[in-house]
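Asker: In the working numbering, the protein residues as written are 300 to 403.
Here a beta-carbon is modelled for each residue, glycine too, at the ideal position from N, C-alpha and C.
No experiment lies behind these values; they were computed from the predicted model shown.
One structure, as structure tokens, below. Some questions next.
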């Protein structure tokens, strides 16, 4: 299974009201959910407007608002992870982000 096969399935799921879960995608494609998430990442890295949220599943964007809501969800999840990292390192989130900027 490759990202083009996943994209072909997702093309039948346009808009949040037509989302499909990772479990359903995995079943259709004959892979596990981890592989589905990996392929979703590949598609997104290639510029495909693959949207998703735990409540709606994965879908192709029908509107710019679909993309915006997905980006807000991804940012929130990323900030939560960075907050956890800052707590583990016992530094503030701004300090962690400042350190990340210095390393790039």
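Any idea which residues DSSP pairs residue 319 with across the strands?
Answerer: Mapped onto the chain shown, residue 319 falls at position 20. 357, per the DSSP bridge assignment.
Asker: Check whether the segment 388–395 and the segment 330–346 touch, using three or more Cβ-Cβ pairs below 8 Å as the test.
Answerer: no
Asker: What is the DSSP secondary structure of residue 337, counted as helix, strand or coil?
Answerer: Walking along the chain shown from the start, residue 337 turns up at place 38. Note: residue 337 maps to helix in three-state DSSP.
Asker: So, with DSSP's three-state summary, where would you put residue 330?
Answerer: Position 31 of the chain shown, counting from 1, holds the residue named residue 330. It is coil, neither helix nor strand.
Asker: For residue 244, which beta-bridge partners are listed by DSSP?
Answerer: The structure shown does not extend to residue 244, since the chain spans only 300 to 403, so no value can be given for it.
Asker: I'd like the list of long-range same chain contacts for residue 403, defined as Cβ closer than 7 Å, with 5 residues on each side in sequence excluded.
Answerer: Indexing the chain shown from 1 puts residue 403 at position 104. Residue placement at residue 403 cannot be trusted, given a pLDDT of 48 that sits under 50; what the coordinates show is reported in the next sentence. Closer than 7 Å at Cβ, skipping near neighbours: no residue.
Asker: Got a sec, what are the start and stop residues for the beta strand (DSSP E) residue 345 sits in?
Answerer: Position 46 of the chain shown, counting from 1, holds the residue named residue 345. Element bounds for residue 345: n/a, residue is neither H nor E.
Asker: Can you tell me which of the three DSSP states residue 392 falls into?
Answerer: For this step, residue 392 is matched to residue 93 along the chain shown. It is helical.
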